[in-house]
Amino acid sequence: MGSLELDLEQLLESLVQVMEKSPLALVLAALGKEQICDKSLATKLDPIFNERRRPLIEVLRRATLRRELPDDIDIGFAADIVIGPIINRLFFTGISVSQEDRKKFIRGALYGIHALNKPSAPDTKIFV
């Protein structure tokens with residue numbers, strides 16, 4: 001419980017170790033796919049996935065209390081920005097997530113999270 005960046009480093013180090021040293025990443029990826037097709041399974045898995053997400057949500061909430069993040073930040077969205085790239089790498093690429101990679105992902109996520117509350121200039125919108 002020091003700073004947002006340190007808290008994220010500790011949390012993500014633990015997550016990556018578990019995911020890389022066990023079949024958990026494969027199991028979670030398979031369950032994630034199955035729950036899209038099976039709403040009954042999704043209902044059963046939601047509490048499990050929410051519990052796995054809880055430590056990250058708590059880290060982000062503490063950061064708002066320390067004023068490292070804006071009070072009105074969408075915590076769920078911020079959590080997605082933090083964890084998304086790491087989960088993508090673990091589930092879909094087979095590439096290990098080194099300590100340096102985690103630091104880069106964290107810096108990128110924090111940059112993105114802080115940009116959430118900044119108004120966009122009309123000429124910088126990206127259309128897809």
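Numbering of the sequence shown is given in full-length UniProt numbering, commencing with residue 1 and proceeding in unit increments. Note that the Cβ used here is the ideal one computed from N, Cα and C, for glycine as well. Since the structure is predicted, the reported quantities are computational estimates derived from the model, not experimental observations.
Give me the residue from the options with the minimum Cα distance to residue i.
i          : options      : result
residue 58 : 21, 7, 107   : 7
residue 33 : 113, 92, 77  : 92
residue 73 : 104, 20, 117 : 117
For residue i, collect the residues of the same chain with a Cβ closer than 8 Å to its Cβ; drop the 5 residues on either side in sequence, then sort them by chain order.
i          : result
residue 79 : 53, 56, 57, 60
residue 42 : 35, 36
residue 75 : 57, 60, 61, 64
residue 95 : 89
Tell me which same chain residues have a C-beta within less than 6 Å of the C-beta of residue i, skipping the five on either side of it?
i          : result
residue 16 : 97
residue 12 : 102
residue 3  : none
Assign residue i to one of three DSSP states: helix, strand, or coil.
i           : result
residue 97  : coil
residue 116 : coil
residue 40  : helix
What separation, rounded to the nearest whole angstrom, lies between the Cα atoms of residue i and residue j?
i           : j           : result
residue 24  : residue 48  : 13 Å
residue 89  : residue 71  : 30 Å
residue 107 : residue 68  : 13 Å
residue 85  : residue 115 : 17 Å
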